[in-house]
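Before any comments, here is the structure.
Number of protein chains: 2
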Amino acid sequence: MPNGNTLHEVLTAVFQVRNVNEDPEVDNPELCVLLWQRALQPERGAWSLPGGLLREDEDMTTSARRQLAEKVDVRGVAHLEQLSVFSEPNRVPGVRLIASTFLGLVPLDADPDLPTDTAWHPVSALPRTAFDHGVVLTHARTRLAAKLSYTNIAFALAPHEFTMSTLREIYCAALGYQVDATNLQRVLGRRGVLVATGATAPPGPSGGRPPALYRFAESRLRVTDEFAALRPPG
Amino acid sequence: MPNGNTLHEVLTAVFQVRNVNEDPEVDNPELCVLLWQRALQPERGAWSLPGGLLREDEDMTTSARRQLAEKVDVRGVAHLEQLSVFSEPNRVPGVRLIASTFLGLVPLDADPDLPTDTAWHPVSALPRTAFDHGVVLTHARTRLAAKLSYTNIAFALAPHEFTMSTLREIYCAALGYQVDATNLQRVLGRRGVLVATGATAPPGPSGGRPPALYRFAESRLRVTDEFAALRPPG
DNA sequence: ACAAAAGTGTTCGTGCTACACCCATGG
DNA sequence: CCATGGGTGTAGCACGAACACTTTTGT
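Line by line, the protein sequences are chains A and B.
Residues 1 to 234 (my numbering) are what the first sequence spells out, left to right.
Residues 1 to 234 (my numbering) are what the second sequence spells out, left to right.
Given below as structure tokens:
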């Protein structure tokens with residue numbers, strides 16, 4: 001059985017930390033993912049990851065960017081990386097469709113317009129998802145959490161400049177547990193991923209010391225904690 | 001431009017730590033990779049990673065196993081995992097060929113028969129490789145080195161039972177630098193990946209204390225050192 | 001003065017490295 | 001009894017977690 005009708009699609013799990021409260025004054029940031037609702041069978045009504053078929057003249061990263069452009073302003077996507085491939089012959093009924101999946105990250109301060117069939121969903125309250133997209137999503141979240149620990153990947157979730165409180169909220173939302181701002185600052189500071197701008201932001205309405213503003217030293221992915229054990233001698 | 005002639009291949013970088021000395025008495029273990037030499041154009045004479053086209057009725061892991069069976073005894077492959085996809089439209093001239101790549105590991109004590117066009121090559125002295133296979137190989141080595149640090153992946157490179165000296169040689173060969181047997185034992189022991197069998201091996205020809213024999217507690221990949229930093233509180 | 005929020009200092013535990021020292025065997 | 005290789009004990013370091021304390025603002 002040679003391969004005649006095998007199609008290749010690209011699917012991207014795009015994450016953003018967003019305020020999930022009706023009242024925009026109340027601060028309740030959560031990790032959200034971009035999904036669109038299927039209008040046609042199969043899986044009508046279920047929510048899908050953005051993506052589509054790979055074209056002959058593009059590689060997968062290019063394709064992911066092109067597909068995303070239909071849903072969000074792609075300039076907002078600050079990081080895009082490959083995850084696994086899903087190739088079970090029957091993952092989508094009726095056709096042989098291989099999915100290469102990606103992880104995409106959008107900074108906190110971006111708020112791109114969306115088509116009417118597309119919306120952000122908090123990962124804590126996902127709707128019914130189509131095909132194996134739920135598995136893809138779990139995979140993407142796991143990868144994001146892992147990389148937050150040993151890389152500077154948070155640059156793609158944070159605004160260009162930010163306070164440590166804001167960065168803490170981003171980490172808490174993405175990891176799903178409480179992170180201490182003190183230690184966060186020290187860990188990232190020691191690794192050289194965070195630099196102070198020198199400026200400060202105005203304090204909140206109820207007073208308090210004005211927070212210092214920070215920036216990520218680089219806006220490309222870099223591994224900052226390579227060897228946990230079995231380091232090279234020296 | 002829809003996708004008409006897009007083909008999908010699976011390529012596997014199979015590694016084994018092997019004694020690379022003419023004299024089998026002298027111990028000089030090195031990390032080796034399985035390659036076959038192309039008899040036809042294009043890239044005639046260059047060495048390729050084992051693999052081939054994906055069939056419609058199989059997923060990629062199945063395909064990788066099937067393709068490898070043509071080159072080695074697949075029972076020898078103790079671990080197989082997905083790496084990245086290479087999808088540049090012109091990575092192979094003339095055809096649109098997407099490559100999904102895998103990492104395969106063969107234990108030290110296996111010595112499978114090989115076809116005449118196929119051979120093990122030490123990674124320190126690679127021949128001319130075909131297409132982008134050199135890049136794939138570098139990628140695979142990096143992934144292997146990383147996983148040796150935070151998982152029990154060495155189970156797939158080690159014999160079923162082994163001495164700490166042997167295990168040390170495996171780590172040295174795979175990582176490319178000297179690893180201390182003392183610390184190796186403690187790190188892996190603490191994590192519970194290594195268990196003592198109770199038995200000992202006979203000492204070498206020049207005497208010495210008989211070494212204890214060990215075994216890996218599991219023969220499936222397990223992450224043993226999840227969070228280097230930003231652990232959940234508790 | 002007091003509350004609130006940010007930032008610093010200090011202590012503690014843990015995991016890894018390095019190296020010295022003890023153990024068991026063959027010659 | 002000595003050389004050889006295996007195993008253990010221990011000191012030191014680096015990193016991160018937790019928490020008390022100081023600093024800077026608004027009211």
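Think of the CB as a built atom: it goes at the ideal place given N, C-alpha and C, for glycine as much as any other residue.
Just so we're clear, the structure is a prediction, and the values are computed from it rather than from any experiment.
Counting other Cβ atoms within 10 Å of its Cβ, glutamine 41 (chain B) stays below 16 and is therefore classed as exposed. Boundaries of the alpha helix (DSSP H) around serine 63 (chain A): 60-69.
Beta-carbon to beta-carbon, alanine 173 (chain B) and leucine 31 (chain B) are separated by about 5 Å, close enough to satisfy the 8 Å threshold.
The residues Leu105, Pro107 and Ala156, in chain order, have a CB closer than 6 Å to that of alanine 78 (chain B) in the same chain once the five nearest residues on each side in sequence are set aside. Of all alpha-carbon atoms in B:Val179, B:Pro29 and B:Leu54, the one lying nearest the alpha-carbon of threonine 12 (chain B) is that of B:Leu54. Residue A:Pro159 holds the alpha-carbon nearest to the alpha-carbon of aspartate 111 (chain A) among A:Pro159, A:Arg66, A:Asn28 and A:Arg91.
Against chain B, the CB of histidine 160 (chain A) has no partner CB under 9 Å away; the residue lies outside that interface. Taking a 10 Å sphere around the C-beta of valine 95 (chain A), we find fewer than 16 other C-beta atoms and assign the residue as exposed. Bridge partners of isoleucine 98 (chain B) according to DSSP: B:His8. Closer than 9 Å to the CB of threonine 6 (chain A) there is at least one CB belonging to chain B. Apart from sequence neighbours up to five positions away, the residues of its chain that approach proline 211 (chain B) with a beta-carbon distance below 7 Å are Thr163, Met164, Ser165, Thr200 and Ala201, ordered along the chain. Proline 50 (chain B) is a Cβ neighbour of valine 14 (chain B), given a cutoff of 9 Å. With a cutoff of 9 Å on beta-carbon distance, leucine 221 (chain A) and lysine 147 (chain A) are scored as near each other. When the Cα atoms are used, leucine 188 (chain A) and leucine 184 (chain B) turn out to be separated by approximately 28 Å. Per DSSP, the continuous alpha helix (DSSP H) segment holding leucine 144 (chain A) begins and ends at 133-150. For phenylalanine 86 (chain B), the beta-bridge partners assigned by DSSP are B:Ala99. Taking C-beta atoms under 8 Å as the contact rule, proline 29 (chain B) and glutamate 169 (chain B) qualify, at a distance of about 5 Å. The residue from A:Thr129, A:Arg91 and A:Lys71 with its alpha-carbon nearest to that of arginine 44 (chain A) is A:Thr129.
With its beta carbon less than 9 Å from one in chain B, phenylalanine 227 (chain A) belongs to the interface. Counting of Cβ neighbours within 10 angstroms places arginine 231 (chain B) among the exposed residues, the total staying below 16. When C-beta distances to chain A are compared with 7 Å, the residues of the region 199-231 of chain B below that value are Asp225, Phe227, Ala228, Ala229 and Leu230, in chain order. With fewer than 16 other Cβ atoms from the protein chains shown falling within 10 Å of its own Cβ, arginine 209 (chain B) counts as exposed.
For threonine 163 (chain B), no alpha helix (DSSP H) segment is defined, and its DSSP state is neither H nor E. Contact with chain A is absent for alanine 119 (chain B), since none of that chain's Cβ atoms lies less than 9 Å from the residue's Cβ. Using a CB distance cut-off of 9 Å, proline 93 (chain B) does not count as an interface residue toward chain A.
At a cut-off of 9 Å between C-beta atoms, asparagine 152 (chain A) does not count as an interface residue with respect to chain B. If you ignore the 5 residues before and after serine 124 (chain A), its C-beta comes within less than 7 Å of the C-beta of Glu30, all in its own chain and listed in chain order. Judged by beta-carbon spacing, aspartate 73 (chain A) lies within the 9 Å limit of aspartate 113 (chain A), meaning their Cβ atoms are closer than that value.
Among the CB atoms of chain A, one or more fall inside 9 Å of the CB of methionine 60 (chain B). In chain order, Asp225 place their CB closer than 8 Å to the CB of serine 149 (chain B), counting only its own chain and leaving out the 5 sequence neighbours on each side. Leucine 188 (chain B): member of the alpha helix (DSSP H) spanning 181-190, first to last residue. Nearest in C-alpha terms to proline 122 (chain B), of all of B:Ser219, B:Gln82 and B:Asn19, is B:Asn19. For glycine 204 (chain B), there is no enclosing beta strand (DSSP E), as DSSP marks it with neither H nor E. For the region 127-151 of chain B, the set of residues with a beta-carbon nearer than 8 Å to any beta-carbon of chain A comprises Ala146, Leu148, Ser149 and Tyr150, in chain order. Under the 9 Å criterion on CB atoms, isoleucine 170 (chain A) is classed as non-interfacial with respect to chain B.
Counted as a single uninterrupted DSSP element, the beta strand (DSSP E) harbouring arginine 215 (chain B) occupies residues 212-216.
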